[in-house]
Amino acid sequence: MGKSIGDTAILRDISLTMAPGTSLAIMGPNGAGKTTLLRILSGLWAPSQGELRRFGARVDKEAKSDRRIGFLGHQSFLYPAFSARENLMFYARLWGMGQPAEHAAAVLRRVGLGWSQDDPIRTFSRGMLQRAAIARMLLSGPELVLLDEPYTGLDFAGRQLLDGVLDEIKGAGRSIVMISHRVDEVMRIADAVAIMDRGQLTWWSDLSAVAPEYLASVCQDQLDAGGWHHS
Amino acid sequence: MREAGTIRKFWWILQKDWTMEMRTKDRWVAMMAFVLMTVFLFAFAMGSPSARISAAFPGILWMAFLFAGMIGMKTIFGHEMPEETLTGLILAPGDRTAVYLAKMAGSLIFMVLVEAASTPIFFALLQEPWPKRWGLLALVLTLGALGFVEVGTLFSMIGAQMPSGDLILTTLLIPLEIPVMITAVQATADMLVRGRGSPWLWIHGLMGYDAIFMALPLMLYDYLWEV
Numbered sequence: 001m002g003k004s005i006g007d008t009a010i011l012r013d014i015s016l017t018m019a020p021g022t023s024l025a026i027m028g029p030n031g032a033g034k035t036t037l038l039r040i041l042s043g044l045w046a047p048s049q050g051e052l053r054r055f056g057a058r059v060d061k062e063a064k065s066d067r068r069i070g071f072l073g074h075q076s077f078l079y080p081a082f083s084a085r086e087n088l089m090f091y092a093r094l095w096g097m098g099q100p101a102e103h104a105a106a107v108l109r110r111v112g113l114g115w116s117q118d119d120p121i122r123t124f125s126r127g128m129l130q131r132a133a134i135a136r137m138l139l140s141g142p143e144l145v146l147l148d149e150p151y152t153g154l155d156f157a158g159r160q161l162l163d164g165v166l167d168e169i170k171g172a173g174r175s176i177v178m179i180s181h182r183v184d185e186v187m188r189i190a191d192a193v194a195i196m197d198r199g200q201l202t203w204w205s206d207l208s209a210v211a212p213e214y215l216a217s218v219c220q221d222q223l224d225a226g227g228w229h230h231s
Numbered sequence: 232m233r234e235a236g237t238i239r240k241f242w243w244i245l246q247k248d249w250t251m252e253m254r255t256k257d258r259w260v261a262m263m264a265f266v267l268m269t270v271f272l273f274a275f276a277m278g279s280p281s282a283r284i285s286a287a288f289p290g291i292l293w294m295a296f297l298f299a300g301m302i303g304m305k306t307i308f309g310h311e312m313p314e315e316t317l318t319g320l321i322l323a324p325g326d327r328t329a330v331y332l333a334k335m336a337g338s339l340i341f342m343v344l345v346e347a348a349s350t351p352i353f354f355a356l357l358q359e360p361w362p363k364r365w366g367l368l369a370l371v372l373t374l375g376a377l378g379f380v381e382v383g384t385l386f387s388m389i390g391a392q393m394p395s396g397d398l399i400l401t402t403l404l405i406p407l408e409i410p411v412m413i414t415a416v417q418a419t420a421d422m423l424v425r426g427r428g429s430p431w432l433w434i435h436g437l438m439g440y441d442a443i444f445m446a447l448p449l450m451l452y453d454y455l456w457e458v
């Protein structure tokens, strides 16, 4: 599939298949099209060319959201004026979930924010905000989670917590697509990796037989070839 | 199922915006402050009642509502930007036009509340006689407000996604609002100024404008969201 905005091609000839219960890491320089790909997978945008299948079903030309998908973007998608609990209850209601207060409290406890659930989001530190955003992503019990640099802003405890959350997701047979710039994160979370540059997939591999040093050398090769503007 | 999701989405976004406004009072205070400042300035500038005030009254009224409405428009999507919450709303189940409709409905409620609270003050301070057909005046005020918020919400949404969104809102919104403002001023004048014709021609014009600008954003919404 491909994606263009006006005359500018953002994604070109992307062809990927993911089996249920697997996790894929996407790496690449800034402006490679990684976030655009995630936005298309989430249902926020529709591809301009080709087709997208999610959960085995073809998605229409018109972009469609799906409550089986959890999306963690660069921003938290939370309202600074509301408390963490109010924010999550709002999303639970928006998604038509019963007992929004119970669901909100449960996921906030899971991410270690039970003690500050009634504080306005604007008073949260960067790490707490990221934890609240993770709670929002988990709220609907998604079968596929899309993560755009999810470790950003997290302290050591936060990183351990996210590792645990992602292990639970994998253990439950759910799927993960994660954008990351770090080889250690990719090796820890993903079963497969795809490297993108200038809107195209340039390298991809199953990670079961790839050593971290080899993945790092592939990234370095991309850099040397002039494709990797930034890592 | 999809319709149920769309109605639910519309309702909870509307309620969320209302709760946020009741908590911050940003939009309400800014709009009322502008309208009251306008009416006080005109009341002091024009002095005692005269035919001149009567002739200018509909224009003064709608000019105040136009600019107060523009102040309100800046806040519609403003609080969705810092943490990209608009994306969260779009990704919720249900048709994404529910986001536009909820934002538009919220703006209409605030615009009508500002009109309801300030119109009696305009009549009192500018010493204009209260119209006998006040129900018809309420209809014109509501239709004018609807036309304004339909276009305003559309351009606020476009502007919110662009770096110079405020400039776009100001420069594109005013020309597009001119037809609805002229029609609303004419309908109001026909009601308030003696010797003019029936206001119904202009009221039907307002209805037509409202219908067109209700349909247009719904057709363009998906395209505009991705641009």
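One line per chain: the protein sequences are H and S, in this order.
Letter 185 of the first sequence, counting from 1, is numbered 185 in the working numbering, and no numbers are missing.
Counting the second sequence from 1 gives a position; the working numbering is that position plus 231.
In this text, a Cβ means the ideal position worked out from N, Cα and C, and glycines have one as well.
Cβ-Cβ separation, residue j to residue i (assumed contact under 8 Å), whole Å
i        : j        : result
S:Val266 : S:Ala287 : Actually they are not in contact, since the Cβ atoms of S:Val266 and S:Ala287 sit about 16 Å apart, beyond 8 Å.
H:Arg131 : H:Leu113 : 6 Å
H:Leu41  : H:Val210 : H:Leu41 to H:Val210, Cβ: 23 Å. No contact.
S:Ser209 : S:Val424 : What is shown of chain S runs 232 to 458, which leaves residue 209 of chain S out entirely.
H:Pro233 : H:Met89  : As displayed, chain H neither begins before 1 nor continues past 231, which places residue 233 of chain H out of reach and without an answer.
S:Arg239 : H:Gly98  : Going by Cβ atoms, the distance from S:Arg239 to H:Gly98 rounds to 12 Å, so no, they are not a contact pair.
Per-residue contacts from residue i into chain H (C-beta, under 8 Å)
i        : result
S:Lys240 : Leu94
S:Met251 : Tyr79, Ala81 and Phe82
S:Gly236 : Gly96
Residue i beta carbon near the ligand NAD (any heavy atom closer than 7 Å)
i       : result
H:Arg85 : The model on display carries no ligand, and the ligand NAD is accordingly not part of it.
Nearest to residue i (by Cα), restricted to the options the options
i        : options                                   : result
H:Ala194 : H:Trp45, H:Val218, H:Ser175 and H:Leu129  : H:Val218
S:Thr306 : S:Ala355, S:Ile284 and S:Gly383           : S:Gly383
H:Glu168 : H:Tyr91, H:Val145, H:Ala132 and H:Gln220  : H:Val145
H:Arg174 : H:Leu38, H:Asp191 and H:Ser180            : H:Asp191
H:Asp206 : H:Leu16, H:Ala9, H:Ile5 and H:His181      : H:Leu16
H:Trp203 : H:Leu72, H:Asp221 and H:Pro212            : H:Asp221
S:Phe444 : S:Trp431, S:Gly375, S:Gln358 and S:Pro351 : S:Gly375
H:Lys34  : H:His181, H:Phe55 and H:Arg68             : H:His181
S:Lys247 : S:Val330, S:Ile409, S:Leu272 and S:Pro406 : S:Val330
H:Tyr151 : H:Val183, H:Ser48 and H:Leu201            : H:Val183
H:Ser208 : H:Ala9, H:Asp7 and H:Thr22                : H:Thr22
S:Gln417 : S:Ser395, S:Leu407, S:Pro406 and S:Leu368 : S:Leu368
S:Val411 : S:Asp326, S:Tyr452 and S:Leu297           : S:Leu297
S:Ala264 : S:Arg327, S:Ile321, S:Ala274 and S:Ala299 : S:Ala299
Beta-carbon proximity check, residue i vs residue j, cutoff 8 Å
i        : j        : result
H:Leu166 : H:Ile189 : yes
S:Gly303 : S:Ser338 : yes
H:Asp129 : H:Gln117 : Contrary to the premise, residue 129 of chain H reads as Leu rather than Asp in this sequence. Not in contact: H:Leu129 and H:Gln117 (Cβ atoms no closer than 8 Å).
H:Asp197 : H:Ala84  : no
S:Leu356 : S:Val270 : yes
H:Ala236 : H:Leu44  : Missing from the structure shown is residue 236 of chain H; chain H here goes from 1 to 231 and no further.
S:Phe241 : S:Leu332 : yes
S:Val345 : S:Met422 : no
H:His74  : H:Glu149 : yes
H:Leu52  : H:Met1   : yes
H:Val111 : H:Leu38  : no
S:Ile413 : S:Leu320 : no
Outcome for residue i when other beta-carbon atoms lying within 10 angstroms are tallied against a minimum of 16
i        : result
S:Ala446 : exposed
H:His230 : Summary for H:His230: the model assigns pLDDT 41, below 50, so the residue's position carries little reliability; its value from the coordinates is reported in the next sentence. By the neighbour-count rule (16 or more Cβ atoms within 10 Å), H:His230 is not buried but exposed.
H:Asp13  : exposed
H:Lys3   : buried
S:Lys256 : exposed
S:Ser387 : buried
S:Met393 : exposed
S:Val380 : buried
H:His103 : buried
S:Gly439 : exposed
S:Met232 : Because the pLDDT at S:Met232 is just 49, under 50, the model does not fix this residue reliably, and the point stays unresolved.
S:Phe354 : buried
S:Arg183 : Any answer about residue 183 of chain S is impossible in this case: the structure gives chain S only from 232 up to 458.
S:His310 : buried
H:Ile5   : exposed
S:Leu437 : buried
H:Pro29  : buried
Chain-ordered neighbours of residue i on chain S, where CB pairs are closer than 8 Å
i       : result
H:Gly73 : Glu315 and Thr318
H:Gly43 : Leu322
Amino acids of chain S, ordered along the chain, whose beta-carbon sits closer than 7 Å to that of residue i
i       : result
H:Arg67 : Pro324
H:Ser76 : Glu314
H:Phe90 : Trp243 and Lys247
Closer than 9 Å at the beta carbon, the chain H residues around residue i
i        : result
S:Thr255 : Ala81
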